[in-house]
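Enquirer:
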Amino acid sequence: MSDREQEKINHSLLGKLTLFFLCIVLSNSAYSTQLNCEFVSEYEDINVDTRQSTVSEFIFGVVRKEQEMKLITELTNEIYQGHTSFDGYLSIKDCVGNSDSHFIQRNRNVILTTLLGQVTSFSDVAPASLEIERSFAETVLKQGDNYEQAGAISAVKIFQDDRAVDALFELIVTTEWQSYVRIALSSLYSIRSDYAQQKLIKAKEVRPEFESVIDEYLNYW
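Take the position in the sequence shown, starting the count at 1, then add 1; the result is the number in my numbering.
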């Protein structure tokens, strides 16, 4: 398969993941299921031909083939249809960390950021514990892995404050993926603060190609 053909596949699968993400954002979470370690175990025995060593992953980042991208889309779709408490998130995080699956470990950031975005409440969480997970999501958002960024957007957005706005705005400015600009803009709109509105207005200056999209959000503010 040529690099151009592989790139077309990447765009197609990423587009499907993005579309599903947008659908889930608009859905009613009351109909979602409680997530637990079972969904992790479903992927434990999957043998993915990555043809990439852990050393290569560390140096060059995770390079995924079509089979693995389809599996990630399937896995994240399952997470997007569920919800969890913060304690539940930490429990699943332990399951992910203890997994012997190469597929699970090399896609750990995808799983955990997507899962963090499905946490229903942080009201009783110790600030130090919350800061660890929030900083993790913000770091992943900046790393440039397409699949990891999809989860990180939802994980960052869930905090609904000025810090989240700044992180999302930075992605809007820096990412080359138009689909993620759209998701980040939608996420800013969902926060609905005065500061988020200011950043949407600023986004028109840095991403003028999205002016009509941004104007539509501002018109409905």
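Ideal Cβ positions, reconstructed from N, Cα and C, are used throughout, including at glycine.
Quick check: what's the CA-CA separation for Q198 versus L189?
Expert: Distance between the alpha carbons of Q198 and L189: 8 angstroms.
Enquirer: Here's the rule I'm using: 16 or more other beta-carbon atoms within 10 Å means buried, otherwise exposed. How should N147 be labelled?
Expert: Label assigned to N147: buried.
Enquirer: Which first and last residues belong to the alpha helix (DSSP H) in which Q180 is found?
Expert: Per the sequence presented here, residue 180 reads as Ser, with Gln not at that position. Where S180 is concerned, the enclosing alpha helix (DSSP H) stretches over Q179 to I192.
Enquirer: Assign T77 to one of three DSSP states: helix, strand, or coil.
Expert: T77: helix per DSSP, three-state reduction.
Enquirer: According to the neighbour-count rule (16 or more other Cβ atoms, all chains shown, within 10 Å of its Cβ), is L219 buried or exposed?
Expert: By the neighbour-count rule (16 or more Cβ atoms within 10 Å), L219 is not buried but exposed.
Enquirer: Does Q150 pass the burial test, meaning 16 or more other C-beta atoms within 10 Å, or should it be called exposed?
Expert: Per the 10 Å Cβ criterion, buried.
Enquirer: Can you find the residues in the same chain that come closer than 8 angstroms, C-beta to C-beta, to L186, ignoring five residues on each side of it along the sequence?
Expert: The residues are I173, L201, A204, F211, V214, I215 and Y218.
Enquirer: Candidates C96, L117 and T121: which alpha carbon is nearest E132's?
Expert: Of C96, L117 and T121, the residue nearest in Cα terms is L117.
Enquirer: Is G83 helix, strand or coil by DSSP?
Expert: Looking at G83 - three-state DSSP - the assignment turns out to be strand.
Enquirer: For G98 versus T34, is the C-beta spacing smaller than 7 angstroms?
Expert: Not closer than 7 angstroms, so no.
Enquirer: My parser needs the alpha helix (DSSP H) runs of 4 or more residues fully inside the segment 83-148; what are they?
Expert: Complete alpha helix (DSSP H) runs here, min 4: 87-99, 103-107, 109-117 and 128-143.
Enquirer: With a threshold of 16 other CB atoms inside 10 Å of the CB of E69, please say whether the residue is buried or exposed.
Expert: By the 10 Å Cβ count, E69 comes out buried.
Enquirer: Measure the alpha-carbon distance for T85 versus N37 and round it to whole angstroms.
Expert: Spanning the two alpha carbons is a distance of roughly 8 angstroms.
Enquirer: Check the C-beta distance from I154 over to Y196 and give it rounded, since I have them as a contact under 8 angstroms.
Expert: Not really, about 18 angstroms apart at Cβ, beyond 8 angstroms.
Enquirer: Assign T55 to one of three DSSP states: helix, strand, or coil.
Expert: It is helical.
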